[in-house]
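**Student:**
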Amino acid sequence: MILLIVVGIILIGSSLLYTYYVSPVDKKSQADIELVIEPGMSTKQIGELLEKRGLIKSSKFFLVYTKINNCASLKASTYDLKKSMNMGEIVKNICSGNSYNSNVIRITFKEGKRITDYAKVISEKLNVNYEEVINIMNDTNYLKSLQQDYWFLTNDIFDSRIYYPLEGYLAPDTYEFSKDSSVKEIIQVMLDQTAKNLSSYRSLNNIHKYITLASMAELEGVNTKDRKMIVGVFNNRLAANMNLGSDVTTYYAFQKNMTGDLTAKEFATSNPYNTRASDMAGKLPVGPICSVSKSSIDASINPTANDYYYFVADKNGKIYYNKTSSGHLQTIKEIKEAGNWIW
């Protein structure tokens, strides 16, 4: 009898451990994590990589799981996995993945990045000079030839005050290219995706305005709901001939990374991107300031109407809205007192 109880306890304990290790690391996470499995990697190495990337709880259990489930063929390739996937889903993906193709490169272009970031990625992946990539992106003759195929590349991009004409127009996504692809081929594939993202809005006038608004919303908000609200606030301020007062535009104006403070001098400096400057009342930046997701484009065109004129985010990304300057300043004070100020 005692032996049966002991065996039962062991079985229950084993079952609980199995359930724990097989379950997702984070059920709520929807972020894609790129995992590259190189040819020749062992199951042990793959398990250690999965654990290091936070996709599984134990590389040792991964070894046991693959043996139990007869998954001896873990295929070399690049995978987009999520922490919300259980071990079975992850193993199934890796076992049924596409065969590794050494002639194919996979490039992920993230939302909210500048075109200079994209140029660096292309430069590294194609092993070409960074300046060469930038020069192609800024080549007026090349850009004019692109206008024949892409309706959204209007003459607004040729404003002499714009830093990079294609800023905001190259769709962020994960793409696969052959290793011998040219810079122009990559640009055109990205523009093809932008065309798909904008296909519902072809009848709109001044698409440049909406892409510009979308780029600001991309950096100011963390989700579609907030971005739609933020564009609503921006529209209210434009209608009232107020400065948009968006710090993200000042960072772009001075080509600074958004990792520290801006100076009072920078805020006050006249620049066609700097919406904090006094001469920018009622004006948008001259052009987009980063790459934009489809959800940000949709938010810029279909914003949430509201009667707010101010917003501020805390360090956790929560956004607070106000109708008055005094209310806005009070909110900032409360955020700082709570220790949630972003800087």
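Each residue of the sequence shown is one higher than the one before, starting from 840 at the first, in our numbering. Beta carbons are placed, not taken as given, at the ideal position from N, Cα and C, and that holds for glycine.
1) Exposed or buried, which one is tyrosine 904 when buried takes at least 16 other CB atoms within 10 Å?
2) State the Cα-Cα distance for the pair lysine 1136 and isoleucine 1069, rounded to the nearest angstrom.
3) Could you pull the start and end residues of the beta strand (DSSP E) that leucine 920 belongs to?
4) If we ignore side chains and look at the alpha-carbon of each, how far apart do aspartate 1019 and asparagine 942 end up?
5) Just to confirm, is the Cβ distance from valine 1151 to isoleucine 1128 under 8 Å?
6) Express the C-alpha separation of leucine 856 and leucine 894 in angstroms, rounding to a whole number.
7) From leucine 1101 to threonine 1114, what distance separates their C-alpha atoms?
8) My output table needs one value for isoleucine 849: the three-state DSSP class, helix, strand or coil.
9) Check for me: the alpha helix (DSSP H) holding asparagine 1075 runs from which residue to which?
10) Taking the straight line between their C-alpha atoms, what separation do you get for glycine 886 and glutamate 1059?
11) Could you tell me if isoleucine 907 is buried or exposed, where buried requires 16 or more neighbouring beta carbons within 10 angstroms of its beta carbon?
12) Rounding to the nearest angstrom, what Cα-Cα distance links threonine 947 and methionine 1081 in this structure?
13) Can you give me the C-alpha to C-alpha distance between isoleucine 954 and alanine 1092, rounded to a whole angstrom?
14) The alpha helix (DSSP H) with isoleucine 954 in it runs from where to where?
15) Can you list, in chain order, the stretches of the beta strand (DSSP E) that have 3 or more residues and sit fully within the stretch 854-891?
16) Going by the DSSP bridge assignment, what does valine 1028 pair with across the sheet?
17) If you reduce the DSSP assignment to three classes, tell me which class serine 1135 lands in.
18) If you draw a straight line from the alpha carbon of glutamate 1105 to that of aspartate 1086, how long is it in whole angstroms?
19) Please return the same chain residues whose Cβ sits closer than 8 Å to the Cβ of leucine 1043, not counting the five positions on each side in sequence.
20) Is it true that the CB of isoleucine 944 sits closer than 8 Å to the CB of lysine 1023?
21) Buried or exposed: where does serine 938 fall if 16 or more other Cβ atoms within 10 Å of its Cβ makes it buried?
22) Distance check for alanine 1010 and serine 1039, CA to CA, integer angstroms please.
23) Return helix, strand or coil for glutamate 1015, following the three-state DSSP convention.
24) According to DSSP, is lysine 931 part of a helix, a strand, or is it coil?
25) What are the residues that DSSP puts in a beta bridge with threonine 1170?
26) Which residue comes first and which comes last in the beta strand (DSSP E) that contains phenylalanine 948?
27) Let me know the secondary structure DSSP gives valine 1151 once reduced to three states.
28) Could you round the C-beta distance between proline 1124 and threonine 1033 to whole angstroms and report it? I think they count as a contact, below 8 Å.
29) Under 8 Å, do serine 881 and glutamate 890 count as touching if we go by C-beta distance?
30) Is the distance from the Cβ of alanine 915 to the Cβ of isoleucine 876 below 8 Å?
31) Does glutamate 1057 pass the burial test, meaning 16 or more other C-beta atoms within 10 Å, or should it be called exposed?
32) Please name the residue, chosen from Ser912, Tyr1112, Asp1065, Lys1133, that lies closest to asparagine 1145 on a Cα-to-Cα basis.
33) For valine 1072 and glycine 1166, I'd like the C-alpha separation in whole angstroms.
**Tutor:** The relevant details are as follows:
1) Classification for tyrosine 904: buried.
2) Residue 1136 is actually isoleucine in this sequence, not lysine. Between isoleucine 1136 and isoleucine 1069, the C-alpha separation is close to 13 Å.
3) 916-920
4) In this structure, the CA atom of aspartate 1019 is about 8 Å from the CA atom of asparagine 942.
5) no
6) 17 Å
7) 13 Å
8) A caution first: isoleucine 849 carries a pLDDT of 48, below 50, which makes its placement in the model unreliable, though a value can still be read off. Isoleucine 849: helix per DSSP, three-state reduction.
9) 1063-1078
10) 37 Å
11) exposed
12) Cα to Cα, the separation comes out at about 37 Å.
13) 14 Å
14) 954-965
15) 872-876
16) Per DSSP, none; premise fails for valine 1028.
17) helix
18) 10 Å
19) Tyr1049, Ile1140
20) no
21) Confidence at serine 938 is low in this model, with a pLDDT of 46, below 50, so the placement of that residue is unreliable and no value is reported for it.
22) 15 Å
23) In the displayed model, glutamate 1015 falls within a strand according to three-state DSSP.
24) helix
25) Answer by DSSP bridge pairing: none, since threonine 1170 is not bridged.
26) Where phenylalanine 948 is concerned, the enclosing beta strand (DSSP E) stretches over 943-948.
27) strand
28) That belief does not hold up - the Cβ atoms of proline 1124 and threonine 1033 are roughly 19 Å apart, past 8 Å.
29) no
30) Between alanine 915 and isoleucine 876, the C-beta gap is smaller than 8 Å, which places the two residues in contact.
31) buried
32) Asp1065 is the residue among Ser912, Tyr1112, Asp1065, Lys1133 whose C-alpha sits nearest the C-alpha of asparagine 1145.
33) 15 Å
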